[in-house]
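At position 91 of the sequence shown (counting the first as 1) the number is 92 in the numbering used here, and the numbers step up by one without a gap.
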Amino acid sequence: MPSNTIRIRASISGGVTDVKSLINHPMTTGLQKDKKTGKIIPAHFIEQVTAELDGKQVFVANWSIGISTNPFLSFKVEGGKSGQSLKLSWVDNKGESDSTTTKLS
Numbered sequence: 002m003p004s005n006t007i008r009i010r011a012s013i014s015g016g017v018t019d020v021k022s023l024i025n026h027p028m029t030t031g032l033q034k035d036k037k038t039g040k041i042i043p044a045h046f047i048e049q050v051t052a053e054l055d056g057k058q059v060f061v062a063n064w065s066i067g068i069s070t071n072p073f074l075s076f077k078v079e080g081g082k083s084g085q086s087l088k089l090s091w092v093d094n095k096g097e098s099d100s101t102t103t104k105l106s
C-alpha cells in the first residue's frame with residue numbers, strides 16, 4: 002500500500018507554520034462486514050502520525066479505529082523558516098508506513 006500515500010502542504014505566516022495533509026489509507030475498524038461475502042474486514046488503521054521540522058519532532062498523533070477513511074490532518078507549529086524541510090510520517094497496525102517531505106514556503 003505505501004508509496005505516495007501522503008499529500009502535504011506547509012506554509013508560514015506570522016511565525017507560524019500551517020500544515021495541511023491528506024493521507025490515503027483505508028482506516029478499517031475490524032467491525033465492518035464485506036457486503037459480498039459477509040466476512041469481517043480485518044482492522045487496518047494508522048496508529049501514529051509524526052511530523053519533523055528540520056529533523057526535530059514537532060508533532061505526534063496517536064490514532065485508532067475512530068479516524069475516517071483517507072484522513073485529512075491539519076495542525077499549526079510555531080516557528081519554521083522558508084526553505085526548511087517538513088517530514089510527515091505514519092505507521093499503521095500492520096507495520097506498514099509511509100513518509101513524505103516538503104519544503105516550507
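All C-beta atoms in this analysis are idealised placements derived from N, C-alpha and C, irrespective of residue type, glycine included.
C-alpha distance - residue i paired with residue j, whole-angstrom precision
i, j, result
"residue 18", "residue 7", "18 Å"
"residue 74", "residue 37", "32 Å"
"residue 109", "residue 96", "Since the first residue shown for the chain is 2 and the last is 106, residue 109 is missing from the structure and cannot be characterised."
"residue 59", "residue 67", "23 Å"
"residue 100", "residue 86", "13 Å"
"residue 35", "residue 42", "6 Å"
"residue 49", "residue 104", "22 Å"
Rounded distance between the beta-carbons of residue j and residue i, thought under 8 Å
i, j, result
"residue 28", "residue 69", "6 Å"
"residue 90", "residue 12", "20 Å between Cβ atoms; not a contact."
"residue 62", "residue 94", "Not really, about 15 Å apart at Cβ, beyond 8 Å."
Residue range of the unbroken beta strand (DSSP E) whose run includes residue i
i, result
"residue 7", "7-14"
"residue 54", "47-54"
"residue 64", "Taken as a continuous stretch (DSSP letters only), residue 64 belongs to no beta strand (DSSP E), as it is neither H nor E."
"residue 102", "98-104"
"residue 22", "17-24"
"residue 86", "86-93"
"residue 83", "Here residue 83 belongs to no beta strand (DSSP E), and DSSP marks it neither H nor E."
DSSP beta-bridge partners of residue i
i, result
"residue 29", "45"
"residue 36", "According to DSSP, residue 36 bridges with nothing at all."
Exposed unless 16 or more other CB atoms sit within 10 angstroms - verdict on residue i
i, result
"residue 81", "buried"
"residue 47", "buried"
"residue 20", "buried"
"residue 140", "The chain is shown only over 2 to 106; residue 140 falls outside these bounds and no answer can be derived."
"residue 22", "buried"
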